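Numbering (our numbering), first residue to last: 2 to 971.
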């Protein structure tokens, strides 16, 4: 057989020569067989069609006795109803003996050498007959002189034979072979297309039914008394949690964000963290909740006096972010229920969890919208309002009844009434279940402020006040900052920190009008700024001079322009006046003062003097610049804020707080030391979290959530199905009935190339599978909703099955019969296997890129480049044998190479192509063309394993990237 055609070889045994055949025959002449006894007589007969020659050889005991060369030969085959016959006739024959062999001079044998050489001239014939009458079957070799010798010596008419013929041919060379005419099964194609269309219609109807079915599918929940008691016990068994922290600081890239914050909050208390924008409230809340920060955090934290690990701490807390992150396709009830199912104790029944969810919905006033979708501005509908979304986010945390609940701006986006309802719900959680709540808040209204138990007031990351809220007003009164009657103290304190934090502007000046006779004409501000709500700390210098009863020369020295804060004058004028109906006493000595100074009453003066005494400084005189401050301490801001911070650090409130922290730590250390022999070890009474559901349960819950998200936003899935059907019909039309010639081979290459490119680049949609839920996953993981593996598995399954498995199957079953590829089930399933494996491998690569690269534009660029380079080394654009050796290894990483080679080898390995040139049919084996293209015809299953290995490798890499890189860092 010619090289590369061994796989298509067949043994042709009909006895007629095609190229060169061979026949081995047993001689059946009775007398010859008896004479030779144990030595078996045989003959061989072979012919060459191209040379028109034949050879006849006579053998005795497997040794050749004589041979005959025949030329000018012709042959024919005849077939009738009763028999088949073949005959060879050669005009010339020349025979020769092999000396010393039987019949050629061997011992006890005659020598017919001269006879063969001189008498055998021809013509000779070799004929074979197969008939219904077996007695006539057989072959015979006939030549006139030879027949006469056989007749005279052995009594037969010729040499009689029983032969077996064989010739190795390529299957298309067998006589009578006709190339099968390729037929396209049109009814099958039509039924397949109709079936796929019906499948898509069924999917649409299913989505329509799921989306429109009654939302009120949850009936009344009935719990037994024992079950209610057990579930209540699971929620009430939490040990109350007191949180203490001391000297908390935070530095980010060399910038000090927080400095030396100290505080405490006990079970049954509500701690509010207040401050102006940029004061560090959110950063401080993140640190308290043990969130992973990008900067350096320092300080001490205690939970019930014990220092616990971050994982232990996170298991007993809840955290509500300022920005809501929820799936817009889920309803309010489904969102909260998923949180409950994933986080409440696994021993708690599902009915009890649903009941708990409904209780929280009623508490937060969202029960009436429980069946409305969350919605988004980008989606089909807006859904619920921003305030309602905030309450849903709070409900997701409240449903677990955490020991400590942290909330970042829980009232932002809410109207005053709903904001009060939210905080009141937090108070109910605090007082009823003895929980601890810590939250940041910005400008709360007065009825919300009245609910605070503890307050931390921040300014520029430093503590202005930290302690009981009921002592807050008395404290600020004591240092000279009294909140005016009827004024919201929260607004007052925030404005106080803002003004105190404002650096002095030397360009800010006040014009002073005075008379030469010193009649006490007052100063007036030339500024038109709005009146603020607090007094400046720099007033201390002025009040000090008032309290001393003496005027300094500098105080009465007239100036056209005097450096004094406009804010001071405005704020003194508004808040220093006790009784505006009574004229203020005029100072002695005719000193010139601002209008605000003249209105200071005795109480105000006493407060300023008290502040000066608390600071351990004598009442300062009015200097040339009333903004002069004491020398700055290390870490000071260089503003009036330093005075506020210093006043608090030396106050009785701060001392009591430090004592409380130290006593709690000492008590816990003593108890733990008694229990375990060493301080700060885990004690039996330490706060601990719930036992969360198993991973398989988490997977089921997350799969249900993912499926809801898919069928309520079905455009991507339906687009994949519709494109698969439309393109399958279009491509099948273009490549309809591919022929078995060189043009057909080119069409096969183009068809496979297009199919792979289509599916390869369509899988770029996997880049966005994870992007919309990246922030949601990071936050839910940080809150301990589930294990990352459960989430990853649910996303993989519900992206692969509906989007990466069904569309290629639909397309393959339509396009395969239309194009007329090899009509065999085995080849069809191999074709389908390679398409599906390629689709999965491409999808997992894109999923990995989408997880690693956050920016969608960059992710798309990486995805396209990966697909293009893989396509370049696929084997269609670049021949394997011409790839430079330094980069040849890249072909082993190309999914297009594995898929393209597998598809073309599966199709063309046993294919014979006919090329018609100059009126001749030139047959070209498909395997020979594959080899010239650089494809390995034996690598089909190796290619399948390669695709599977790449798919598995990137699935693993995707999970590793998800597990390692997607960790919350704030």
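C-beta: ideal position from N, C-alpha, C; glycine also. If you're wondering where the values come from, they're calculated on a predicted model, not measured in any experiment.
CB contact flag (residue i, residue j, <9 Å)
i, j, result
"residue 470", "residue 497", "no"
"residue 400", "residue 318", "no"
"residue 429", "residue 405", "no"
"residue 289", "residue 443", "no"
"residue 805", "residue 844", "yes"
"residue 92", "residue 121", "no"
"residue 439", "residue 266", "yes"
"residue 67", "residue 127", "no"
"residue 387", "residue 312", "no"
"residue 273", "residue 445", "yes"
"residue 503", "residue 640", "yes"
"residue 347", "residue 789", "no"
"residue 984", "residue 949", "Residue coverage of the chain in this structure runs from 2 to 971, which leaves residue 984 outside it and unanswerable."
"residue 305", "residue 254", "no"
"residue 269", "residue 432", "yes"
"residue 385", "residue 330", "no"
"residue 1", "residue 449", "As shown, the chain starts at 2 and ends at 971. That puts residue 1 outside it, with no answer to give."
"residue 282", "residue 459", "yes"
"residue 819", "residue 729", "yes"
"residue 247", "residue 300", "yes"
"residue 74", "residue 53", "yes"
Environment of residue i [buried if 16+ CB atoms lie within 10 Å]
i, result
"residue 803", "buried"
"residue 12", "exposed"
"residue 582", "Any reading at residue 582 must be qualified, since the residue scores a pLDDT of 38, below 50, and its modelled position is unreliable; no value is offered."
"residue 16", "buried"
"residue 291", "buried"
"residue 370", "buried"
"residue 966", "exposed"
"residue 809", "buried"
"residue 697", "exposed"
"residue 869", "exposed"
"residue 178", "exposed"
"residue 188", "exposed"
"residue 210", "exposed"
"residue 889", "exposed"
"residue 927", "buried"
"residue 666", "buried"
Short CB-CB distance (under 9 Å) between residue i and chain D
i, result
"residue 190", "Checking the listed chains, one finds no chain D in this structure; it contains a single protein chain."
Residue i to residue j span [Cα, whole Å]
i, j, result
"residue 492", "residue 251", "26 Å"
"residue 827", "residue 907", "10 Å"
"residue 898", "residue 943", "12 Å"
"residue 900", "residue 718", "24 Å"
"residue 14", "residue 833", "38 Å"
"residue 617", "residue 366", "Only weak support exists for where residue 617 lies, its pLDDT of 42 falling under 50; the value from the coordinates is given anyway. For residue 617 and residue 366, the distance between alpha carbons rounds to 53 Å."
"residue 108", "residue 32", "20 Å"
"residue 669", "residue 955", "49 Å"
"residue 339", "residue 350", "14 Å"
"residue 65", "residue 44", "9 Å"
"residue 766", "residue 758", "14 Å"
"residue 113", "residue 129", "26 Å"
"residue 644", "residue 483", "16 Å"
"residue 768", "residue 193", "31 Å"
"residue 934", "residue 904", "14 Å"
So, do the stretch 733–746 and the stretch 872–882 have three or more beta carbon pairs nearer to each other than 8 Å? no
Stretch pair the stretch 54–67 + the stretch 26–45: three plus CB contacts closer than 8 Å: yes
Stretch pair the stretch 877–893 + the stretch 787–799: three plus CB contacts closer than 8 Å: no
Touching or not, the stretch 712–723 and the stretch 199–208, by the rule of three or more beta carbon pairs under 8 Å? yes
Can you find at least 3 beta carbon pairs, one from the stretch 909–916 and one from the stretch 957–970, that sit closer than 8 Å? no
What are the uninterrupted segments assigned as beta strand (DSSP E) that are 3 or more residues long and contained completely in the stretch 158–208, given in chain order? 160–171
Scan the stretch 57–104 and note each continuous beta strand (DSSP E) run of 3 residues or more that stays entirely inside, going in chain order. 64–80, 84–98
Below 8 Å, can you find three or more Cβ-Cβ pairs linking the stretch 172–179 to the stretch 152–164? no
Taking the runs of the beta strand (DSSP E) that are 3 residues or longer, which of them lie wholly in the stretch 295–357? 297–304, 318–321
Just to confirm the assignment: which complete alpha helix (DSSP H) runs, minimum length 4, are found wholly within the stretch 449–480? 473–479
Which ranges would you report for the alpha helix (DSSP H) in the stretch 767–840 if only whole runs of at least 4 residues count? 775–783, 789–800, 807–820
Please give me, in chain order, every unbroken run of the beta strand (DSSP E) with length at least 3 that falls completely inside the stretch 888–961. 913–918, 921–926
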